[in-house]
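*Asks:*
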Amino acid sequence: MPFISHDKGSAMFDATPIENMFLLEYLPVAPDDCLRVFFYARMLCQHPELGDGIPDVARALKLSDEAVEDAFRFWEREGLVRRLSDRPPTYAMLPMRGFSTPAPMDDHYYQFRDFNASLQRLFGDSVLHGEVSIAQDWVTVFGLSREAALRIAEYGIGDLKFSKKSPRATLRKIDNIVKEWAEHGVRTLEDAERMIAVKNGSFGAAEAVLKRFGLRGKPSEVELEMAEKWLREWGLSAEDVLDACQATANAQNPSFGYLDKVLENRRTEGDRHFEPLKKALVELGSKAQPTPETLKKYAGFLEAGFEPRTVELAAIQQNGKNRHQFEDLEKLLSMWAELGLLRADQAESYVARQRALSRELAELLKRAGSEKRPTLEDIELYESWRNKFSEELLHFAAESCREKGRPMVNIEKLLARWERDGISTVEAARAAASRNPGFKNPALNYEQRALEGNGDDLFTDLTQYGGKGE
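Throughout, the working numbering is defined as the position within the sequence shown, counted from one, plus 1005.
1) Note down the Cα distance separating R1407 from E1417, rounded to an integer number of angstroms.
2) Can you give me the C-alpha to C-alpha distance between T1430 and M1413, rounded to a whole angstrom?
3) Between the stretch 1206-1224 and the stretch 1174-1182, are three or more C-beta pairs nearer than 8 Å?
4) So what's R1407 in DSSP terms, helix, strand or just coil?
5) Look up A1254 in the DSSP assignment and say whether it is helix, strand or coil.
6) CA-CA distance, Q1294 and L1264?
7) Counting pairs of Cβ atoms below 8 Å between the stretch 1147-1167 and the stretch 1191-1206, do you hit three or more?
8) Could you name the residues of the same chain whose beta carbon sits closer than 6 Å to that of T1315, not counting the 5 residues immediately before and after it, in chain order?
9) With DSSP run on the structure shown, which of helix, strand or coil describes I1179?
10) From which residue to which residue does the alpha helix (DSSP H) around V1214 run?
11) Skipping 5 residues on each side, what residues in its chain have a beta carbon closer than 7 Å to that of E1159?
12) Quick check on DSSP: helix, strand or coil for A1433?
13) Out of curiosity, what's the CA-to-CA distance linking L1365 and E1424?
14) Let me know the secondary structure DSSP gives L1149 once reduced to three states.
15) Thinking C-alpha only, which one of K1371, L1124, L1286 is nearest G1410?
16) Identify, in the order they occur along the chain, each residue of the same chain with its Cβ nearer than 6 Å to the Cβ of D1333, setting aside the five sequence neighbours on each side.
17) For D1070, which residues from the same chain have a beta carbon less than 7 Å from its beta carbon, with the 5 sequence-adjacent residues on both sides left out?
18) Below 8 Å, can you find three or more Cβ-Cβ pairs linking the stretch 1280-1291 to the stretch 1254-1263?
19) Rounded to whole angstroms, what is the Cα-Cα separation between F1043 and W1080?
20) Less than 9 Å separating the beta-carbons of D1245 and P1313?
21) What residues are listed by DSSP as bridge partners for A1097?
22) Any idea if D1383 is buried or exposed, counting beta-carbon neighbours within 10 angstroms, 16 or more meaning buried?
23) From F1331, R1078, W1143, L1049, pick the residue whose C-alpha is nearest to that of S1131; which is it?
24) Could you tell me the boundaries of the alpha helix (DSSP H) in which I1059 lies?
25) Span of the alpha helix (DSSP H) holding S1069?
26) Take D1038 and list the residues in its own chain whose beta-carbon comes closer than 7 Å to its own, dropping the five residues that flank it on each side.
27) Tell me the rounded alpha-carbon separation between R1378 and E1228.
28) May I ask you to report which of helix, strand or coil DSSP gives Q1116?
29) Judging by CA-CA distance, which residue of M1231, D1164, K1169, K1170 is the nearest neighbour of A1202?
30) Taking a contact to mean a Cβ-Cβ separation below 9 Å, would you say G1084 touches R1118 in this structure?
31) Mind checking whether F1306 and L1338 have CB atoms under 9 Å apart?
32) Quick one: is F1171 buried, meaning 16 or more other Cβ sit within 10 Å of its Cβ, or exposed?
The structure is reproduced here in structure tokens:
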């Protein structure tokens, strides 16, 4: 005889059919309470007089109303129950997939089975049937993929902090976002991720501005639109926006509108500086175009007192040294600021003088047998020598240090000794050298040779760029 069977007369109120496919798939894994509710609900389909709502089912099964509601949501996610109304909740029991040919409405429900389940998980199983249809429209009406629609819902709940406790209101807010994004071509998950990355930047910037203003709460839609304009259309960074907040410090009621005017004025000023900076970048040998950051720094150069032509001359200098980065230009202008070279004529005179000193020092080093290219530090040291010693004595010093290596160091030591001994002429230096029998002075047996190069490559001749030189 079979292991189990129906005993005659054991079936009350006829029979409650349960598909074998259901028993095989769900009996081993479904939660006990969910199985109890499902079986009882199937019986109620044939005998509705036994219960007329969730409280009746809960009393019959000795469960709480909440447990019964959770069970129905479980079977909704599994696609075996469809909610027909929300208040009061009513349901339709659906057959197992493949058990029978589903009606068009049932087929639509099965298509969104996993989608509905994912949406329920986002909201903590609190989405009602009428609310699910809002999200389904994102796919059927606006053409988003299911993955993109769910990602936008996740963005609304997670990033924008929309409430999970009010699914309908939250889904309406997300619905507005979907409509806007769909107009911008968002269809796939990748499209949604890109848009979220942009929006998160705008949201973060707007939130940071609120904090800088000492205000609490989330940015409004208008404030988010402003932040997006600053970052996307105007190409500003979040740091640029926060830096502009300082200009609102004296405002009685700082606002996004006030900040927008500040940024617009700065942008207009940036437009005024665009062509001069572009010209300076060309002189620098850079292919870069002015950016909001470099425009801001260029404006800083002018605020520090530099003339536009001075900036160009600095760019020419760095280009001549094969230095083409904007940072190279900044470094040179910083050095010129310390020297007080703000006007173009001052810079031209300085460069012309440095070129002349570089040529003289290059010649001096060749007398010492060195092809060393003078550095700025070498030129500074050489200028100190010129202030103390005659040209003839400097030449003799260089010749005396010939072939000893490290010419600048040796010349400096020799000149320091002569200064200590009170030697100020070539004759006195020769006499001092002759009194040292162990010292062979190359300067006493030195044959002049033609000079090659003069150090002009260290400083670019500005006269060919419109400068006067000296």
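For glycine and all other residues, C-beta sits at the position ideal for the given N, C-alpha and C.
Small disclaimer: the values here were computed from a predicted structure and weren't measured.
*Replies:* So, to answer that:
1) Start at 1 with the first residue of the sequence shown, and residue 1407 comes out as number 402. Start at 1 with the first residue of the sequence shown, and residue 1417 comes out as number 412. If I take the Cα positions, the gap works out to 13 Å.
2) Locating residue 1430 in the sequence shown gives position 425, counting from the first residue. Locating residue 1413 in the sequence shown gives position 408, counting from the first residue. Between T1430 and M1413, the C-alpha separation is close to 20 Å.
3) no
4) To locate residue 1407, count along the sequence shown from 1; it is residue 402. For R1407, the secondary structure class from DSSP, reduced to helix, strand or coil, is coil.
5) Your numbering for residue 1254 matches position 249 in the sequence shown. Coil at A1254, not helix or strand.
6) For the purposes of this step, residue 1294 is taken as the residue at position 289 of the sequence shown. For the purposes of this step, residue 1264 is taken as the residue at position 259 of the sequence shown. Distance between the alpha carbons of Q1294 and L1264: 26 Å.
7) yes
8) Mapped onto the sequence shown, residue 1315 falls at position 310. The answer, listed in chain order, is A1349, A1352.
9) Counted from its first residue, the sequence shown places residue 1179 at position 174. If DSSP states are grouped into helix, strand and coil, I1179 belongs with the helices.
10) Within the sequence shown, the letter at position 209 stands for residue 1214. Start and end: 1194-1217.
11) Within the sequence shown, the letter at position 154 stands for residue 1159. Counting only Cβ-Cβ distances below 7 Å, and skipping sequence neighbours, we find L1127.
12) The sequence position of residue 1433 within the sequence shown is 428, counting from 1. Helix, per DSSP.
13) For the purposes of this step, residue 1365 is identified with residue 360 of the sequence shown, where counting begins at 1. For the purposes of this step, residue 1424 is identified with residue 419 of the sequence shown, where counting begins at 1. Per the sequence shown, the amino acid found at residue 1365 is Glu instead of Leu. Answer to the nearest angstrom: the Cα atoms are 21 Å apart.
14) Against the sequence shown, residue 1149 aligns to sequence position 144. Residue state, collapsed to three classes: coil.
15) Counting from one through the sequence shown, the residue named residue 1410 turns up at place 405. The shortest C-alpha separation from G1410 is found at K1371.
16) Sequence index remark: in the sequence shown, residue 1333 carries index 328 (1-based). For D1333, where only same-chain residues beyond five positions count, the Cβ hits under 6 Å are Q1323.
17) Position 65 of the sequence shown holds residue 1070. Result list for D1070: I1059, P1060, A1063, in chain order.
18) no
19) Within the sequence shown, numbered from 1, the residue matching residue 1043 stands at position 38. Within the sequence shown, numbered from 1, the residue matching residue 1080 stands at position 75. Distance from the CA atom of F1043 to the CA atom of W1080, rounded to whole angstroms, is 8 Å.
20) Sequence index remark: in the sequence shown, residue 1245 carries index 240 (1-based). Sequence index remark: in the sequence shown, residue 1313 carries index 308 (1-based). No Cβ-Cβ contact shorter than 9 Å links D1245 with P1313.
21) Here residue 1097 refers to the residue found at position 92 when the sequence shown is read from its first residue. Note: A1097 sits in a beta bridge opposite R1087.
22) Along the sequence shown, read from residue 1 onward, the residue named residue 1383 stands at position 378. By the neighbour-count rule (16 or more Cβ atoms within 10 Å), D1383 is buried.
23) Translated into the one-based positions of the sequence shown, residue 1131 becomes position 126. Looking at the Cα atoms, R1078 is the closest of the given residues.
24) Taking the sequence shown and counting its residues from 1, the one referred to as residue 1059 is at position 54. Segment 1059-1066, the alpha helix (DSSP H) holding I1059.
25) Position 64 of the sequence shown, counted from the first residue, corresponds to residue 1069. Segment: none, S1069 is in no alpha helix (DSSP H) and carries neither H nor E.
26) The residue labelled residue 1038 in the question sits at position 33 within the sequence shown. Correct list, in chain order: L1068, A1072, A1076.
27) The residue given as residue 1378 occupies position 373 in the sequence shown. The residue given as residue 1228 occupies position 223 in the sequence shown. Going by C-alpha positions, R1378 is about 59 Å away from E1228.
28) By one-based count along the sequence shown, residue 1116 stands at place 111. Helix at Q1116.
29) If you number the sequence shown from 1, residue 1202 lands on position 197. It is D1164 whose Cα lies nearest to the Cα of A1202.
30) Numbered from its first residue, the sequence shown carries residue 1084 at position 79. Numbered from its first residue, the sequence shown carries residue 1118 at position 113. Their beta carbons are under 9 Å apart, which means G1084 touches R1118 by this criterion.
31) Locating residue 1306 in the sequence shown gives position 301, where the first residue counts as 1. Locating residue 1338 in the sequence shown gives position 333, where the first residue counts as 1. Cβ distance < 9 Å, so F1306 and L1338 count as in contact.
32) What you label residue 1171 is simply residue 166 of the sequence shown in a count that begins at 1. One detail in the question is off: residue 1171 reads as Ser in this sequence, not Phe. By the neighbour-count rule (16 or more Cβ atoms within 10 Å), S1171 is not buried but exposed.
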